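Chains A and R, in that order, give the protein sequences. Counting in our numbering, the first sequence runs from -12 upward without gaps. Counting in our numbering, the second sequence runs from -12 upward without gaps. The structure appears below as structure tokens.
Protein chains: 2
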Amino acid sequence: MFTRLDHIGIVVADLDTALQTYRDRLGFTLLERIEIPEQLVEAAFLEANNSTIELIAPTDTASGTARYLEKRGEGPHHVCYEVDDIEVTLAELAQQGVQLIDETPRRGVHGRVAFVHPKATHGSMIELLEKDAHHK
Amino acid sequence: MFTRLDHIGIVVADLDTALQTYRDRLGFTLLERIEIPEQLVEAAFLEANNSTIELIAPTDTASGTARYLEKRGEGPHHVCYEVDDIEVTLAELAQQGVQLIDETPRRGVHGRVAFVHPKATHGSMIELLEKDAHHK
Chain A
-12 MFTRLDHIGI
-2 VVADLDTALQ
8 TYRDRLGFTL
18 LERIEIPEQL
28 VEAAFLEANN
38 STIELIAPTD
48 TASGTARYLE
58 KRGEGPHHVC
68 YEVDDIEVTL
78 AELAQQGVQL
88 IDETPRRGVH
98 GRVAFVHPKA
108 THGSMIELLE
118 KDAHHK
Chain R
-12 MFTRLDHIGI
-2 VVADLDTALQ
8 TYRDRLGFTL
18 LERIEIPEQL
28 VEAAFLEANN
38 STIELIAPTD
48 TASGTARYLE
58 KRGEGPHHVC
68 YEVDDIEVTL
78 AELAQQGVQL
88 IDETPRRGVH
98 GRVAFVHPKA
108 THGSMIELLE
118 KDAHHK
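Structure follows, in structure tokens:
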């Protein structure tokens, strides 16, 4: 069902401070730093060999990420798997009775995405990503 | 510093129920199910193409995992990276001022392991793994 692990998303309070840890101390390579205004967050993708992490920090107290931080604190937030055809995967999951946050895909940073409800996956939120051709 | 992502560890309340989700509904392949008596947990390693997850459930209310569950609920618990030489990595991290749970390696399921303190990595606990030769 899942083609490959794309990244692990980690919510942090402040992106610059978190980059000091992950890039400067732990040696991850910064791939990309972007603002996602529609979600009121900024994010950084960092790589360590075969794997990528995404650090996500709120840019406004009204963002969902700010509420998440307040409730749960900093830490792992989601695991993103690439899929070949996001509509097919969503249909398969629905057929399996897996509760979804997004019944239909929406735009993400690197393609179309949809989130599986953490209640359906024992607290670990799964993001599905169908990458845009130019991000493959 | 990190050779490759080895697995993502997810704490769950009950291993059988979680396997119904991850193996039966999400299509992960069960690699190995084991009891770890010294930690009072049982664990299952599951694979989806390029990535592995470890589901961890307490077998006794006295386990650290049971206390974690009570406090934080089910969800992502740690991210495990393979390293070539765990002593060298621990020394590098200490030199960087990164707070460690384990100053010296201990036995894990697949080799020698050590945990970085989640306070040092913005709430995301990192496990270092130097694999035993026969697990490579």
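Glycine residues also receive a C-beta, built at the ideal position from the N, C-alpha and C atoms. Just so you know, these numbers come straight off a predicted model, no measurement behind them.
Just measuring C-alpha positions, the residue of Asp1(R), Glu61(R), Glu74(R) and Lys123(R) sitting nearest Phe102(R) is Glu74(R). In the three-state DSSP reduction, Val75(A) falls in the helix class (H, G or I).
At a C-beta separation below 9 Å, Phe(-11)(R) has these neighbours in chain A: Leu13, Gly14, Phe15, Ala35, Asn36 and Ser38. Listed in chain order, the non-local C-beta contacts of Arg99(R) below 6 Å within the same chain comprise Ile73, Pro92 and Glu117, local neighbours out to five positions each way being set aside. Short of 8 Å from the beta carbon of Thr39(R), and not among the five residues preceding or following it, lie these beta carbons of its own chain, in chain order: Asp(-7), His(-6), Ile(-5), Leu18, Phe32 and Leu33. One alpha carbon belongs to Pro24(A), the other to Ile43(A), and they sit about 12 Å apart. Counting C-beta atoms within 10 angstroms of its own C-beta, Thr4(A) has fewer than 16 neighbours from the protein chains shown and is therefore classed as exposed. At the C-beta level, Arg(-9)(A) and Tyr68(A) come within 9 Å of one another. Take Ala107(A), set aside five residues on each side of it, and the residues of its chain with a beta-carbon closer than 7 Å to its own are Val85 and Gln86, in chain order. Neighbours of Thr108(R) across chain A, judged by C-beta separation under 8 Å: Thr8, Tyr9 and Leu13. With contacts defined by Cβ atoms closer than 9 Å, Val28(A) and Thr52(A) form a contacting pair. In the structure shown, the three-state DSSP call for Lys123(R) is coil. Bridge partners of Gly98(A) according to DSSP: Lys118(A). Secondary structure within the region 12 to 88 of chain A: the beta strand (DSSP E) runs of 3 or more consecutive residues, fully enclosed, are 16 to 23, 28 to 35, 38 to 45 and 62 to 69 (chain order).
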